[in-house]
Amino acid sequence: MTLHGLARHGEFEWHLPMTSGMRVPAIVFGSLELVRAMDDKTLTQLRNVACLPGIVRAAMAMPDAHSGYGFPIGGVAAFDPAHGGVVSMGGVGFDISCGVRTLLTGLTRDHILARREELADALFRAVPSGVGRGGTIILEGEDLAAMLEGGAVWAVGRGYGQPADLGRIEDGGRMPGAVPGHVSPHAGKRIRDQLGSLGSGNHYLEVQWVEKILDPARSAAFALKEGDVVVSIHCGSRGLGHQIGQDFIDELAPGGKARRKGKNAAPNPYLPVPDREMVCAPIDSEPGRRYLGAMRSGINCALANRQVITHLVREVFADIFPTARLDLLYDVSHNTCRAESHRVDGKEKTLFVHRKGATRALGPGHPDLPAALRGAGQPVLVGGSMGTASYILAGTTEGEARSFSSACHGAGRVLSRTEARRRFVGRDLMESLRHQGVFVRTMSSRGIAEEAPGAYKDIDEVTSSAAGAGLAAPVARTLPLVCVKG
DNA sequence: ATGTGC
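The numbering of the first sequence is this note's numbering, which starts it at 2 and goes up by one.
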C-alpha cells in the first residue's frame, strides 16, 4: 500500500480516513516502516471492524498486525453491550485463548549450555507436538466439563502444577462465565486426548536466555537478570477452540455449512458489513450469550493446556537440573473477548474487548494484578518467530486510554505459509539455527519452512513501535537456546 | 490456528 490517505498522529499512530459506514476511527499503531509494509487487506478489515454496532472509541491495529479471518490479527476492538455491541468469532480468532506463558528457572545460560541437546530431546519427548497429536491425558466423563469450567484451577487440582501458579495467570487461572453445555459434542471430542500438547504452526516451547535487561526496576519486579534462563510456552486450545469458532460461524453466517449442505440457512440478521467473515452476534442476544459461554470454555481449555504443559516441563527440568525451580512469571492470552471495566467519556463502563493477536497490558497499580507485579505493570509476553528474539514488556498507564490496555503479541507474519514454503527449506533452516546455537526439534520440517524467521516482521521494530506508541514498556529481550516447534 | 477439505 501507499501511505496516501493515512493521517499521522505522532510518530507511531496513524488514522485511516473515515469512509462510509465507519462508526468510529480506525487507528494503526506502528513505525513508518511497519505501516508502509501493511497490506491493503489488513486496513480494509480494520475499516470493517470500525463499522460494527456498539464499537467504542476506535478499531485498532497493533504494530504486528496482518490480515486474518474477518478481523486483522493484531486487532483490538471494544464493544458496549448497552449500545448494541457485538461479539465476533473472527474477532476472537480460531485458536481461542492462544497465548504465552513464561517460567523462571533460577538457572543461568552457562549452567545449561553444555546440556542443550539433552534438554531439547527430553522436552521434545515429554511434550507432544504436531498437527492432530494427542497428549497423555484422556478426559473421561465429567472431566471435560470440569476442565472447561475450571481452566488452570482444575489442572492444579489434578496435580498439574502448584497453587502459586494461579496468581500469575489472568483471572486467577479460571475465566468465569464458561458454559460447557454450549460447547458442541464434536468440539469436546476433539480435545478429549489433546490436553497437554503444543499443536502446530507458530506454537512452540522454548528455552531462552535473558540477553539484555532494558528496564532494571521492572526486571527486578519480574525477577529477571541478565543471563537468566527462562522457558516460554506458546499454544492454545487445540482442536476445541477451533471447532467452537467454526460451529458458531456455521450457525450464524449466511453461505456457511448449512447452505453448503443444502439446508435452509437463515439469513444472518447480525451481519452489518458485506463480509461473511465479519459474522457476529449482539452481546445481549441468545446466540451472543451462547457463544460467550462456549468461548470462555475455550479460554479455560487453553489455560488448562498451558498448565499441564508446565507440569511436563517441570518434570523434565527436575530430571536434568534438580536444583531448578520453575516459578511462573506470567501467563497471557492473545485471542480473547473479555468483559472489562474501562473509562469512557469519564464514566466506568463494562466493555467486551476483543483482542485477536493482541495481549492485555494492564498498567501499574491495576487491581487485577498480583501484589508482587502491581508496581511494575502486567508482564506482556511477546513471542518472537523461530530462532529470533522474544520480548518481555510491561503494561503502561497511558495504554489504558490509547488501546484499552492492549499491546502487540508477536512478530506478525509478512509472508503467507504457502509463500514461506516456496522460499525456505525446513532442514536448511534447522541446520543454520544449529550453527547459531539454537537446537530445534519438530515433527514437521515443512512446518519449519512456514515458520522461517524471514516470514515474519522484525520483532525489534514491532516492540519499539509498541513502546513508542506508549502501549507497553520494554523490560527484557531474550534469545532462544532450545526450541520445540509444532 | 486446524483431524492443513466438502
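Positions of the beta carbon are idealized from the N, C-alpha and C atoms, including for glycine.
- Closest by C-alpha distance to residue 33, out of 469, 479, 106, 480, is 469.
- Residue 437 counts as exposed, since fewer than 16 other beta carbons sit within 10 angstroms of its beta carbon.
- Within the same chain, 378, 396, 397, 398, 400, 401, 406 come within 7 angstroms of residue 364 by CB-CB distance, once the 5 residues on both sides are set aside.
- Of the residues assessed, residue 458 falls on the buried side of the cut-off, its CB having 16 or more other CB atoms within 10 angstroms.
- Judged by DSSP secondary structure, residue 463 falls within the alpha helix (DSSP H) whose first and last residues are 460 to 469.
- Below 8 angstroms, too few C-beta pairs join the stretch 31 to 48 and the stretch 316 to 327 to call them touching: fewer than three.
- Within the stretch 171 to 207, the runs of alpha helix (DSSP H) at least 4 residues long that lie entirely inside it are, in chain order, 186 to 192.
- Under the three-pair Cβ rule at 8 angstroms, the stretch 330 to 338 does not count as touching the stretch 119 to 126.
- Taken through DSSP and simplified to helix, strand or coil, residue 136 comes out as coil.
- For residue 219, the number of other beta carbons within 10 angstroms of its own is at least 16, and it is reported as buried.
- In terms of Cβ geometry, residue 132 and residue 444 form a close pair [threshold 9 angstroms].
- By the neighbour-count definition (other C-beta atoms within 10 Å, threshold 16), residue 417 is an exposed residue.
- Straight-line measurement puts the Cα of residue 390 at about 13 angstroms from the Cα of residue 465.
- If you ignore the 5 residues before and after residue 147, its C-beta comes within less than 7 angstroms of the C-beta of 155, all in its own chain and listed in chain order.
- Per DSSP, reduced to three states, the secondary structure at residue 322 is coil, with no helix or strand assignment.
- Taking C-beta atoms as the reference points, residue 179 and residue 297 count as a pair closer than 9 angstroms.
- In the displayed model, residue 229 falls within a strand according to three-state DSSP.
- Annotation: residue 292 to residue 419 spans about 32 angstroms, alpha carbon to alpha carbon.
- DSSP, reduced to helix, strand and coil, places residue 61 within a strand of the structure shown.
- Here the alpha carbons of residue 431 and residue 172 stand approximately 38 angstroms from one another.
- Residue 207 is positioned such that its CB atom lies closer than 9 angstroms to that of residue 485.
- Taking 9 angstroms as the cut-off, the Cβ atoms of residue 106 and residue 305 do not count as close.
- Counting of Cβ neighbours within 10 angstroms places residue 345 among the exposed residues, the total staying below 16.
- Between residue 408 and residue 381 a beta carbon distance of about 5 angstroms is seen, short of the 8 angstroms cut, so the two are scored as contacting.
- Contact annotation: the stretch 64 to 77 touches the stretch 349 to 364, with at least three C-beta pairs closer than 8 angstroms.
- Excluding its 5 nearest sequence neighbours in each direction, residue 25 has C-beta neighbours in its own chain below 8 angstroms: 51, 56, 57, 58, 59, 60, listed in chain order.
- Residue 152 is a Cβ neighbour of residue 176, given a cutoff of 9 angstroms.
- Exposed is the label assigned to residue 137, since fewer than 16 other Cβ atoms lie within 10 Å of its Cβ.
- The beta-carbon separation of residue 321 and residue 453, rounded to 29 angstroms, does not stay under the 8 angstroms limit for a contact.
- For the set 145, 442, 164, 90, the Cα lying nearest the Cα of residue 283 is the one of 90.
- Non-local beta-carbon contacts of residue 93 in its own chain, meaning distances under 8 angstroms to residues more than five positions away in sequence, involve 246, 296, 336, 337, 338, 355, 357 in chain order.
- Using a Cβ-Cβ distance cut-off of 8 angstroms, the stretch 182 to 189 and the stretch 213 to 227 are not in contact, since fewer than three pairs of beta carbons, one from each stretch, lie closer than that value.
- Rounded to the nearest whole angstrom, the C-alpha separation of residue 279 and residue 72 is 7 angstroms.
- In the DSSP assignment, residue 245 falls within the unbroken alpha helix (DSSP H) covering 239 to 253.
- Here the C-alpha atom of residue 428 lies approximately 8 angstroms from the C-alpha atom of residue 449.
- Within the DSSP bridge table, the entry for residue 305 names no partner.
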